[in-house]
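**Student:** Structure in structure tokens, see below.
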Ligand code: ZN
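Here you go:
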């Protein structure tokens, strides 16, 4: 101990400290994944009366995870590893783990325990008020709770800190979801994207073309489209749920989802939870009148699941087996759901199978009608029902509002008016009620600020990754058209999944595509695809 200059000794000390450190980090992950398993159970199989006990279990485990992470012992290990990391004495994977755990340690230490408790309590009160307000479509029920939530988040953000010269307070919250991405990186990208999207939506609206069937009546879009002059069939098409499950699982397996290392269950709100590399749980929901929701929902969650199953098992329990950021995670789900799942080549292979599975529902629908129906673009009020084009305008609106809210440049009471104003400006529709407007999402009630932009970042990254894959994999679309999905999955695993958190999002995009984040790739993809469908 304390030997200076003897590089052998110093290195050995670094190695033994690192081994102890990795054991401690892995134990935190073991606790955290027990917590994740209990949450998964809560959403899938827990009997309704189990809620109160479960809440105590989750809160106890979350407390243990926090205590272990911010322990003085962890601080000392990180301090001792700083030197070896700086001198390049650690392996790259080890250096990544040290860097990322240090980042979490420093952030968590900045927030006093009583503030963390207050925020958790406020989130639960605020969520309750939000449910009531949405039901009554009355923003004034929610407003006082949201004001308190925003106040606490602003307090947390100033304790977490941000660059005061070029940065802004929103950066401190964005960091939770997109480490190292700053508001100043997002704003010009989103502004540029908004311009192309608004133009494309207007052109599509003006084209007058509409699909003549609605395969997803649960989305509630039929009414909106009917108002736009579309003529829909009155016939109810039925898709038995058990066959939907089998078909979706078969696609997930073709994509590479390992059923020996994962599951698919049902929950009210679909999600994917990676407990560890070899145990990844995803969920979906079914509606027998709707062939779109579960099928594309499962492709989406499988995209997330392949990321979780794609880490190197040797790194289990460390940041090298975790996602770069929420935006990069979302890029994997959107790539499979949209770039692959809503493409013509994909359905060249899968549509005959889908038709054979649902002869009563699709026997009279040819592939062109089907392809148009799953790619309909319609301005609508509800984000989760939105299509590939309009979806991002919903996100830009939310990002702009929450950034201003956290900066204190607008007030909670301004939200309903500004929301409706932007909906009109970007999508040409004004929500008829707050329930269909400012009250539709749960995020703000839970204190999730900085999360919304990661959905659009996911789309932008997905477009860039897919474009790079097309260059790297010869005849990729031909392969997809023959149902050969393995080459794409292997490419994603090699370029993205196995690296865990080794690269930051902006480094990864450069590493994989040779270019920085660029909204024009996504805008170009949309223009090509929907230009053909709508003749614009
Ligand atoms: Zn997702």
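In the numbering used here, the protein residues as written are 5 to 540.
Every residue, glycine too, gets a C-beta built ideally from N, C-alpha and C.
1. Identify, in the order they occur along the chain, each residue of the same chain with its Cβ nearer than 6 Å to the Cβ of residue 197, setting aside the five sequence neighbours on each side.
2. Can you tell me the Cα-Cα spacing of residue 368 and residue 348, whole angstroms?
3. Within this structure, are the beta carbons of residue 277 and residue 285 separated by less than 8 Å?
4. Can you pull every residue whose C-beta falls closer than 6 Å to some heavy atom of the ligand ZN, listed in chain order?
5. Mind checking which residues open and close the alpha helix (DSSP H) that includes residue 310?
6. Going by DSSP, what residues sit across from residue 437 in a beta bridge?
7. Counting C-beta neighbours from all protein chains within 10 Å, is the total for residue 327 16 or more, i.e. buried, or is it exposed?
8. Count the other CB atoms, across all protein chains shown, that sit within 10 Å of the CB of residue 134; report buried if there are 16 or more and exposed otherwise.
9. Taking a contact to mean a Cβ-Cβ separation below 8 Å, would you say residue 310 touches residue 260 in this structure?
10. Taking just the CA atoms, how far does residue 488 sit from residue 220?
11. What residue range is occupied by the uninterrupted beta strand (DSSP E) comprising residue 268?
12. Under 8 Å Cβ to Cβ from residue 243, same chain only, skipping five residues before and after it: list those, please.
13. Going by DSSP in three states, residue 187 sits in which element: helix, strand or coil?
14. Assess, as a yes-or-no matter, whether the segment 429-449 is touched by the segment 389-408 under the definition of 3 or more beta carbon pairs within less than 8 Å.
15. Determine, using beta carbons only, whether residue 530 and residue 380 come nearer to each other than 8 Å.
16. What residues are listed by DSSP as bridge partners for residue 280?
17. Determine, using beta carbons only, whether residue 65 and residue 18 come nearer to each other than 8 Å.
18. On a Cα-Cα basis, can you pick out the residue from 486, 210, 140, 114 that is closest to residue 164?
19. Does the beta-carbon of residue 263 have 16 or more other beta-carbons within 10 angstroms, so that it is buried, or is it exposed?
20. What does DSSP give as the partner residue(s) for residue 361 in the beta ladder?
21. Taking C-beta to C-beta, are residue 513 and residue 321 nearer than 8 Å?
22. Which residue or residues does DSSP assign as beta-bridge partners of residue 100?
23. Between the alpha carbons of residue 144 and residue 137, how many angstroms are there, rounded?
24. Do residue 58 and residue 32 have their C-beta atoms closer together than 8 Å?
25. Is residue 175 helix, strand or coil when you go by DSSP?
26. For residue 129 and residue 36, what's the separation of their Cα atoms in angstroms?
27. Would a C-beta distance cut-off of 8 Å place residue 466 and residue 335 closer than the cut-off?
28. Based on DSSP bridge pairs, tell me the residues matched to residue 291.
29. Evaluate residue 388 with the Cβ neighbour count: other Cβ atoms within 10 Å of its Cβ, from every protein chain shown; 16 or more gives buried, anything less gives exposed.
30. Cβ of residue 153 within 8 Å of Cβ of residue 451?
31. Flag this pair as yes or no: are the beta carbons of residue 186 and residue 175 separated by less than 8 Å?
32. Which residue marks the beginning of the alpha helix (DSSP H) containing residue 463, and which one marks its end?
**Tutor:** Taking the definition as stated:
1. Counting from one through the chain shown, the residue named residue 197 turns up at place 193. Excluding sequence positions up to five before and after residue 197, its CB lies within less than 6 Å of the CB of 523, all in the same chain and listed in chain order.
2. Here residue 368 is taken as the residue at index 364 of the chain shown, counted from 1. Here residue 348 is taken as the residue at index 344 of the chain shown, counted from 1. Taking the Cα positions, residue 368 is about 19 Å away from residue 348.
3. Within the chain shown, the letter at position 273 stands for residue 277. Within the chain shown, the letter at position 281 stands for residue 285. Using a Cβ distance threshold of 8 Å, residue 277 and residue 285 count as a contacting pair.
4. One residue list follows from the rule of a beta carbon closer than 6 Å to any heavy atom of the ligand ZN, given in chain order as 304, 308, 334, 337.
5. Mapped onto the chain shown, residue 310 falls at position 306. Here the alpha helix (DSSP H) through residue 310 covers 296-313.
6. Stepping through the chain shown from its first residue, residue 437 is reached at position 433. Beta-bridge annotation (DSSP): residue 437 is not paired with any residue.
7. What you label residue 327 is simply residue 323 of the chain shown in a count that begins at 1. By the neighbour-count criterion, in which 16 or more other beta carbons inside 10 Å mark a residue as buried, residue 327 falls on the buried side.
8. The count along the chain shown starts at 1 and reaches residue 134 at position 130. Buried, since its Cβ has 16 or more Cβ neighbours within 10 Å.
9. Counting from 1 along the chain shown, the entry for residue 310 is found at position 306. Counting from 1 along the chain shown, the entry for residue 260 is found at position 256. In contact: residue 310 and residue 260 (Cβ atoms closer than 8 Å).
10. Against the chain shown, residue 220 aligns to sequence position 216. Against the chain shown, residue 488 aligns to sequence position 484. Distance between the alpha carbons of residue 220 and residue 488: 27 Å.
11. In the chain shown, counting from the first residue as 1, residue 268 sits at position 264. Where residue 268 is concerned, the enclosing beta strand (DSSP E) stretches over 266-270.
12. One-based indexing of the chain shown puts residue 243 at position 239. Non-local C-beta neighbours of residue 243 in its own chain, meaning closer than 8 Å and more than five positions away in sequence, comprise 292, 293, 294, 295, 362, 365, ordered along the chain.
13. Walking along the chain shown from the start, residue 187 turns up at place 183. Residue 187: helix per DSSP, three-state reduction.
14. Using a Cβ-Cβ distance cut-off of 8 Å, the segment 389-408 and the segment 429-449 are in contact, since at least three pairs of beta carbons, one from each stretch, lie closer than that value.
15. As a working note, residue 530 is residue 526 in the chain shown. As a working note, residue 380 is residue 376 in the chain shown. Taking 8 Å as the Cβ cut-off, residue 530 and residue 380 do not qualify as a contacting pair.
16. Position 276 of the chain shown, counted from the start, is the residue given in the question as residue 280. Residue 280 has 283 as its beta-bridge partners, per DSSP.
17. Against the chain shown, residue 65 aligns to sequence position 61. Against the chain shown, residue 18 aligns to sequence position 14. No. Outside cutoff.
18. Counted from its first residue, the chain shown places residue 164 at position 160. Looking only at 486, 210, 140, 114, the smallest Cα-Cα distance to residue 164 is reached by 114.
19. Walking along the chain shown from the start, residue 263 turns up at place 259. Looking at its Cβ environment, which holds fewer than 16 other Cβ atoms inside 10 Å, residue 263 is exposed.
20. Here residue 361 is taken as the residue at index 357 of the chain shown, counted from 1. As computed with DSSP, residue 361 is found in no beta bridge at all.
21. For the purposes of this step, residue 513 is taken as residue 509 along the chain shown, with counting starting at 1. For the purposes of this step, residue 321 is taken as residue 317 along the chain shown, with counting starting at 1. Going by beta carbons, residue 513 and residue 321 fall outside the 8 Å limit.
22. Taking the first residue of the chain shown as 1, we reach residue 100 at position 96. Residue pairing by DSSP leaves residue 100 without any beta bridge partner.
23. In the chain shown, residue 144 corresponds to position 140, counting from 1. In the chain shown, residue 137 corresponds to position 133, counting from 1. Straight-line measurement puts the Cα of residue 137 at about 8 Å from the Cα of residue 144.
24. In the chain shown, counting from the first residue as 1, residue 58 sits at position 54. In the chain shown, counting from the first residue as 1, residue 32 sits at position 28. In this structure, residue 58 sits away from residue 32, with a CB-CB distance that is not shorter than 8 Å.
25. Here residue 175 refers to the residue found at position 171 when the chain shown is read from its first residue. In this structure, residue 175 counts as helix in the three-state DSSP scheme.
26. Along the chain shown, one-based indexing puts residue 129 at 125. Along the chain shown, one-based indexing puts residue 36 at 32. Whole-angstrom Cα-Cα distance: 24 Å.
27. As a first step, residue 466 must be located in the chain shown, where it is residue number 462. As a first step, residue 335 must be located in the chain shown, where it is residue number 331. Yes; because the gap between Cβ atoms is below 8 Å, this pair is in contact.
28. Taking the chain shown and counting its residues from 1, the one referred to as residue 291 is at position 287. Partner(s): 294.
29. By 1-based counting over the chain shown, the position of residue 388 is 384. By the neighbour-count criterion, in which a residue is buried when 16 or more other Cβ atoms sit within 10 angstroms of its Cβ, residue 388 is exposed.
30. Locating residue 153 in the chain shown gives position 149, counting from the first residue. Locating residue 451 in the chain shown gives position 447, counting from the first residue. Closer than 8 Å, so yes.
31. In the chain shown, residue 186 corresponds to position 182, counting from 1. In the chain shown, residue 175 corresponds to position 171, counting from 1. With contacts defined by Cβ atoms closer than 8 Å, residue 186 and residue 175 form a contacting pair.
32. What you label residue 463 is simply residue 459 of the chain shown in a count that begins at 1. For residue 463, the enclosing alpha helix (DSSP H) stretches over residues 456-476.
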